[in-house]
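Novice:
There are 2 protein chains.
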Amino acid sequence: MQNLKQIPALKKERHAFILKQVNLHNRVLSNDLSLLLNVSEDTIRRDLNELAEEGRVEKVHGGALSRSFSGIYQKQQVYAVDKKKLIAAKACGLIKDNMLILVGGGTSVREMVRLLPESLSATFCTISITIAEELLQHENLEVIMLGGKISHSSKVVMDGDVFFKLGDLSFDLCIMGSNGIDEGKGLTENDLEIIPLKKAMIKASRKTAVLGISEKLNTRQRGVVCPLTQIDYLVTELDPGDVLLEKYQMEGLTIL
Amino acid sequence: MQNLKQIPALKKERHAFILKQVNLHNRVLSNDLSLLLNVSEDTIRRDLNELAEEGRVEKVHGGALSRSFSGIYQKQQVYAVDKKKLIAAKACGLIKDNMLILVGGGTSVREMVRLLPESLSATFCTISITIAEELLQHENLEVIMLGGKISHSSKVVMDGDVFFKLGDLSFDLCIMGSNGIDEGKGLTENDLEIIPLKKAMIKASRKTAVLGISEKLNTRQRGVVCPLTQIDYLVTELDPGDVLLEKYQMEGLTIL
DNA sequence: GTAAAAGCAGCAGAAAACTGCAAATAAACG
DNA sequence: CGTTTATTTGCAGTTTTCTGCTGCTTTTAC
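Chain order of the listed sequences is A and B.
Position one of the first sequence corresponds to residue -15 (this note's numbering), numbered consecutively onward.
Position one of the second sequence corresponds to residue -15 (this note's numbering), numbered consecutively onward.
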């Protein structure tokens, strides 16, 4: 990346740029930013202070970190990040203005939220506080958090009123990640706790989209969420015409 | 695993990395870490000291152990130079095992949550996803998120079922920050949206504690939450005997 | 016991952060 | 428009933080 702007960037623009960088890389150095934006480090420092005051980044000596970073170097996913980005971009295409959308947790969904166009104006409902946090970065989205007891491991709402509440609503679209997708058993999970939740989510929505990198295809976990027939869209990083996807297409799923 | 970074690591990143290693392997050697992170052993030692001060690892000759591994709980030592830290530490004293506690948003509350002893086992209910995130750092806490539409600015639940839900529950203690505290009008806020929420929170709790640095004392904002009589505890960084607090004590508040 | 490794205190250079101030820029207003 | 006001930005000087190093003490291992 080279210097994007010789023109003096407005403060708001800088803030947006910085946030983007932080969310993308989980970290930024004041030094880098001052070079990228052609302003003094003092200005960057002031920007970071302001963003930190608003709780949008965590400021540290030398730069800033993403607020929702809980152990940065998960190297096991580095190779998959590009794939997930691609998946995320495709999934964005399903979302239109004014829709009411239910989203689950997981990194795929998170990437998708990050890629949502800033102009999008819709209502999102989520069970994950991590995702809620990401959704709030978009000014034009209405964000609704489902309440209940939160699981320590996955940071999603696990019981309480979720089920009751999900039964009350009708969503245009449900978007969730997946652990295993397979022709026989359909959508499967290894975290058994989350199974009833996903079932309820699917039931509450008119259409359901499942995101997953291709490695998840033709794998099976212990817990069964639903058969393929209950899923409408399958989003992977592969080309829709890929041979791996053929049998899913025949099952009636729309492949993106 | 080889050295992950040629890039300069920020201190906080190192800490996160070290914690991950400790929790993964139950032990780390200073030597290994210094190689992995490309810093001197002195730096690692200092990092380990800091993490040990916070009670996140147990330091031993040559490295560190996971705290849950040895089962030793470091005493909560607070050399509170910061006012909010001091307030937070005092407020922690109000909380006992097995309580059901309702907490609001704000930085004071956040600091308090961070200082909660790791051994504490209680149930927390919150309206703020930021606070929920912090609460989840404590393994022994049960965290309940109240659902509803989330405000972009403050990241707290603003309407929806919150009120309905708050009416259903009875909390042992409610802890919230404050914008203004004053003898005449009592507790006041400048964000009008949050007023009804705070009212409902107070009503749903047996006892209410208000946290605020002394600068908030004798100041008044536009929106009135409640008179002082509805508040039970007032927590500031001042000594309870401070002259500034006298009149609040006379109003019947317990000063911490 | 001795030797090696780890720890510790303190120092110093470098980098970053903060302070106050003045110039530049944008916004408000008649 | 021009003028005034407020905000923003960069700069210089000072203070704080971070980090590696040196010399010395303590712990560990043989």
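A virtual CB, placed ideally from N, CA and C, is assigned to each residue, including glycine.
1) Would a check of beta-carbon distances place A:Glu34 closer than 8 Å to chain B?
2) Would you mind reading off the limits of the alpha helix (DSSP H) that contains B:Asp26?
3) Closest to B:Ser50 by CA distance: which of B:Asn10, B:Met83 and B:Ala73 is it?
4) Closest to B:Phe155 by CA distance: which of B:Asn15, B:Ala184 and B:Ser92 is it?
5) Taking Cβ to Cβ, would you say B:Ser92 is nearer than 8 Å to B:Leu195?
6) Compare the C-beta of A:Val44 with all C-beta atoms of chain B and state if any pair is closer than 8 Å.
7) Starting from B:Ala48, trace the beta strand (DSSP E) both ways and give me its first and last residue.
8) Near B:Ala(-7), which residues of its chain fall below 7 Å by C-beta distance, leaving aside the five closest residues on each side in sequence?
9) Let me know the beta strand (DSSP E) ranges lying completely inside the region 137 to 169 of chain B, each 3 residues or longer, listed in chain order.
10) Mapping DSSP to helix, strand and coil, what is B:Leu218?
11) Tell me, please, which residues DSSP counts as bridged to B:Met129.
12) Would you give the residue range spanned by the alpha helix (DSSP H) that B:Val12 belongs to?
13) Would you report the Cα separation of A:Val219 and A:Cys210, rounded to the nearest angstrom?
14) What in chain B is Cβ-close to A:Leu120, meaning under 9 Å?
15) Rounded to whole angstroms, how far is the Cβ of A:Gln121 from the Cβ of A:Leu3, which I believe are closer than 8 Å?
16) For a cutoff of 8 Å on Cβ pairs, would you count B:Val127 as touching chain A?
17) Let me confirm a value: A:Met160 is counted as buried when at least 16 other C-beta atoms fall within 10 Å, else exposed. Which label applies?
18) Pick helix, strand or coil for B:Glu(-3), following the three-state DSSP scheme.
19) If I measure Cβ to Cβ from A:Ile239 and keep anything under 7 Å in the same chain, skipping five residues before and after, which residues do I get?
20) Do we get a CB-CB distance below 8 Å when we pair A:Ala116 with the residues of chain B?
21) Along the region -7 to 13 of chain B, what residues have a CB closer than 8 Å to any CB found in chain A?
22) Since B:Glu37 and B:Ala72 are thought to touch, with beta carbons under 8 Å apart, how far apart are those beta carbons, to the nearest angstrom?
23) Use the C-beta contact count for B:Leu212: other C-beta atoms within 10 angstroms, 16 or more gives buried, fewer gives exposed.
24) Have a look at B:Arg98 and A:Gly39 and give me their C-alpha separation to the nearest angstrom.
25) Does DSSP classify B:Lys43 as helix, strand or coil?
26) With three or more beta-carbon pairs closer than 8 Å as the criterion, would you say the region 131 to 146 of chain A touches the region 157 to 171 of chain A?
27) Determine which residues share a DSSP beta bridge with B:Glu173 and list them.
28) For B:Lys24, which residues in the same chain have their Cβ closer than 7 Å to its Cβ, ignoring the five residues on either side in sequence?
29) For A:Leu171, decide whether its Cβ has a neighbour in chain B, counting only Cβ atoms nearer than 8 Å.
30) Rounded to whole angstroms, how far is the Cβ of A:Leu78 from the Cβ of A:Leu157, which I believe are closer than 8 Å?
31) Got a sec, what are the start and stop residues for the alpha helix (DSSP H) A:Leu99 sits in?
32) Mind checking A:Glu118: buried by the 16 CB within 10 Å criterion, or exposed?
33) Given a cut-off of 8 Å, decide if A:Ala116 and A:Leu150 are closer than it, judged by their beta-carbon atoms.
34) Who are the neighbours of A:Leu130 on chain B, taking C-beta pairs under 7 Å?
35) Report the residue from B:Ile134, B:Pro101 and B:Ile128 whose alpha carbon sits nearest the alpha carbon of B:Val87.
Specialist: According to the data block:
1) Locating residue 34 of chain A in the first sequence gives position 50, counting from the first residue. Closer than 8 Å: no.
2) Reading the second sequence from its first residue, position 42 is the one you call residue 26 of chain B. Start and end: Glu25 to Glu37.
3) Indexing the second sequence from 1 puts residue 50 of chain B at position 66. Taking the Cα of B:Ser50 as reference, the smallest distance to any Cα among B:Asn10, B:Met83 and B:Ala73 is reached at B:Asn10.
4) On the second sequence, residue 155 of chain B is found 171 positions in, with the first residue counted as 1. Of the candidates B:Asn15, B:Ala184 and B:Ser92, the one whose C-alpha sits nearest the C-alpha of B:Phe155 is B:Ala184.
5) Counting from 1 along the second sequence, the entry for residue 92 of chain B is found at position 108. Counting from 1 along the second sequence, the entry for residue 195 of chain B is found at position 211. Less than 8 Å separates the beta-carbon of B:Ser92 from that of B:Leu195.
6) As a first step, residue 44 of chain A is located in the first sequence; it is residue number 60 there, counting from the start. For A:Val44, the nearest beta carbon of chain B is closer than 8 Å to its own beta carbon.
7) Position 64 of the second sequence, counted from the first residue, corresponds to residue 48 of chain B. Unbroken beta strand (DSSP E) run through B:Ala48: Gly47 to Ser50.
8) As a working mapping, residue -7 of chain B is identified with position 9 in the second sequence. Result list for B:Ala(-7): Leu21, in chain order.
9) Taken in chain order, the unbroken stretches of beta strand (DSSP E) that lie wholly in the region 137 to 169 of chain B and span 3 residues or more are 155 to 160 and 164 to 166.
10) Along the second sequence, read from residue 1 onward, the residue named residue 218 of chain B stands at position 234. Here B:Leu218 sits in strand by DSSP.
11) Residue mapping note: residue 129 of chain B aligns to position 145 of the second sequence, counting from 1. Looking at the DSSP assignment, B:Met129 forms a beta bridge with A:Gly132 and B:Thr110.
12) Indexing the second sequence from 1 puts residue 12 of chain B at position 28. No alpha helix (DSSP H) contains B:Val12, which is instead part of the beta strand (DSSP E) from Arg11 to Leu13.
13) Translated into the one-based positions of the first sequence, residue 219 of chain A becomes position 235. Translated into the one-based positions of the first sequence, residue 210 of chain A becomes position 226. So the two alpha carbons sit approximately 17 Å from each other.
14) If you number the first sequence from 1, residue 120 of chain A lands on position 136. Within chain B, the residues Ile113, Ile134, Ser135, His136 and Lys139 have their CB atoms less than 9 Å from the CB of A:Leu120, given in chain order.
15) Taking the first residue of the first sequence as 1, we reach residue 121 of chain A at position 137. Taking the first residue of the first sequence as 1, we reach residue 3 of chain A at position 19. Between A:Leu3 and A:Gln121 the Cβ distance is about 7 Å, and since that is below 8 Å, they are a contact.
16) Your numbering for residue 127 of chain B matches position 143 in the second sequence. For B:Val127, the answer is yes, since a Cβ of chain A falls inside 8 Å of its Cβ.
17) Along the first sequence, read from residue 1 onward, the residue named residue 160 of chain A stands at position 176. Under the 10 Å beta carbon count, A:Met160 is surrounded by 16 or more other beta carbons and is classified as buried.
18) The count along the second sequence starts at 1 and reaches residue -3 of chain B at position 13. Three-state DSSP puts B:Glu(-3) in a helix.
19) Translated into the one-based positions of the first sequence, residue 239 of chain A becomes position 255. For A:Ile239, where only same-chain residues beyond five positions count, the Cβ hits under 7 Å are Leu218, Pro224, Leu229, Tyr232 and Gln233.
20) Locating residue 116 of chain A in the first sequence gives position 132, counting from the first residue. Judged by the 8 Å Cβ criterion, A:Ala116 is in contact with chain B.
21) Taking 8 Å as the Cβ-Cβ cut-off against chain A, the residues of the region -7 to 13 of chain B that qualify are Leu(-6), Lys(-5), Lys(-4), Glu(-3), Ala0, Phe1, Leu3 and Lys4.
22) Here residue 37 of chain B refers to the residue found at position 53 when the second sequence is read from its first residue. Here residue 72 of chain B refers to the residue found at position 88 when the second sequence is read from its first residue. The distance from the Cβ of B:Glu37 to that of B:Ala72 is about 16 Å, inconsistent with a contact at the 8 Å cut-off.
23) Here residue 212 of chain B is taken as the residue at index 228 of the second sequence, counted from 1. By the Cβ neighbour-count rule, B:Leu212 is buried, with 16 or more other Cβ atoms within 10 Å of its own.
24) Locating residue 98 of chain B in the second sequence gives position 114, where the first residue counts as 1. Locating residue 39 of chain A in the first sequence gives position 55, where the first residue counts as 1. Straight-line Cα distance between these residues: approximately 15 Å.
25) The count along the second sequence starts at 1 and reaches residue 43 of chain B at position 59. The answer is strand: DSSP assigns B:Lys43 an E or B state.
26) No: fewer than three Cβ pairs fall under 8 Å.
27) Residue 173 of chain B sits at position 189 when you count from the first residue of the second sequence. Assignment of beta-bridge partners to B:Glu173 by DSSP yields B:Gly207.
28) For the purposes of this step, residue 24 of chain B is taken as the residue at position 40 of the second sequence. Position check: residue 24 of chain B holds Ser in this sequence, whereas Lys was assumed. Here the set comprises Ser18.
29) In the first sequence, the residue the question calls residue 171 of chain A occupies position 187. A:Leu171 does not count as touching chain B.
30) What you label residue 78 of chain A is simply residue 94 of the first sequence in a count that begins at 1. What you label residue 157 of chain A is simply residue 173 of the first sequence in a count that begins at 1. That belief holds up - the Cβ atoms of A:Leu78 and A:Leu157 are roughly 6 Å apart, short of 8 Å.
31) Counting from 1 along the first sequence, the entry for residue 99 of chain A is found at position 115. Counting along the chain, the alpha helix (DSSP H) containing A:Leu99 begins and ends at Thr91 to Leu99.
32) For this step, residue 118 of chain A is matched to residue 134 along the first sequence. By the neighbour-count rule (16 or more Cβ atoms within 10 Å), A:Glu118 is buried.
33) Taking the first sequence and counting its residues from 1, one reaches residue 150 of chain A at position 166. Taking the first sequence and counting its residues from 1, one reaches residue 116 of chain A at position 132. Their beta carbons are not under 8 Å apart, which means A:Leu150 does not touch A:Ala116 by this criterion.
34) Taking the first residue of the first sequence as 1, we reach residue 130 of chain A at position 146. Per Cβ cutoff of 7 Å: Gly131.
35) One-based indexing of the second sequence puts residue 87 of chain B at position 103. Checking every option, the nearest Cα to that of B:Val87 belongs to B:Ile128.
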